[in-house]
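Worksheet for the structure shown next.
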Amino acid sequence: MEPHERSWVRLPLDGADNVRDLGGYPTANGKQTLFHRFLRSDSLSTLTARDERLLYDYGVRAIIDLRDPSEVGDDPDCRIASDVVSTNIPLLGRNIAEIEGAPQGPDTAGVHMADLYRQTLENYDAVRACFRFMAEAPRGCILFHCAVGKDRTGILAMLLLSLAGVDKWDIVANYVQTRPNIMRSPVWYAQWEDPSLRGWRSVLDSPAELMERTYDLLEEEHGGVGNFLLECGVRDEDVATVRRRLVGE
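Residue numbers (this note's numbering): 1022 to 1270.
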């Protein structure tokens, strides 16, 4: 069996450390999310030729880049194949590294990031555009990513898994896995350990409490993912199509 024929939790790529399948999570109706339907990822700018082949063979046929246009221009994605469609939908609308890079103390970083996640959820136009693209994408796997695959990617993953009926704690666990994954990179690990760069730790960390708070916000202030997507103006048929892609119903 070739590696791309397997259902990976984390794909074994050389040029990206945080490419993960949303498949395999139990849902409220006793089923599970399907593999080879959605991948969440960090930047695709340093993929090797082997990585590109593996992603294509894995089924990737559509890509959503959630970064700000300035990030895209500075660090463009590698082109996986000519028939893979892609779009840039800035989920936050600003360069997240510039926002997160300001020095922060341990008592303020969590509050700052929670506010940033709230702002991201308030970008209704971008959420609506993401769901329209995912509903209309060609058959195959949809990959969505930002820079390290944590913040903007984490929020879209939360929305998708919530829509599939995955429970809060599996969604939190999916989010938390980001920092262990990106610590494989010597560059990110060195920055994490550098005392002079402690203000940047919020860029790399993925604490459970932050996703718990964001999930609770979605439930308490919007009445859950269904009502939230309705508020965003996502069409009912797009919601249904995206859900079918992930759970096969």
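Just so you know, even glycine gets a beta-carbon here, dropped at the ideal spot from N, CA and C.
| message | Less than 6 angstroms between C-beta atoms, sequence neighbours within five positions excluded: which residues of the same chain meet that for R1234? | response | A1135
| said: Quick test of your reading: L1112 and L1055, contact by CB under 8 angstroms. State the CB separation rounded to the nearest angstrom. | reply: Going by Cβ atoms, the distance from L1112 to L1055 rounds to 24 angstroms, so no, they are not a contact pair.
| query | If you count every other CB in all the chains shown that lies within 10 Å of the CB of R1139, and 16 or more means buried, which is it? | reply | Label assigned to R1139: exposed.
| query | Under the rule that 16 or more other beta-carbon atoms within 10 Å means buried, what is D1035, buried or exposed? | reply | exposed
| message | Given a cut-off of 9 angstroms on the beta-carbon distance, is the pair C1162 and H1243 in contact? | response | Cβ distance not < 9 angstroms, so C1162 and H1243 don't count as in contact.
| Per-residue DSSP class, three states only, for F1059 | strand
| field | Test item: CB-CB of T994 and G1220 under 9 angstroms | value | Since the first residue of the chain shown is 1022 and the last is 1270, residue 994 is not available in this structure.
| message | The beta strand (DSSP E) that contains A1010, what's its start and end? | response | One cannot answer for residue 1010 here, as it falls past the ends of the chain, which runs 1022 to 1270.
| Per DSSP, C1162 forms a beta bridge with which residues? | V1081
| query | In three-state DSSP terms, what is Q1212? | reply | helix
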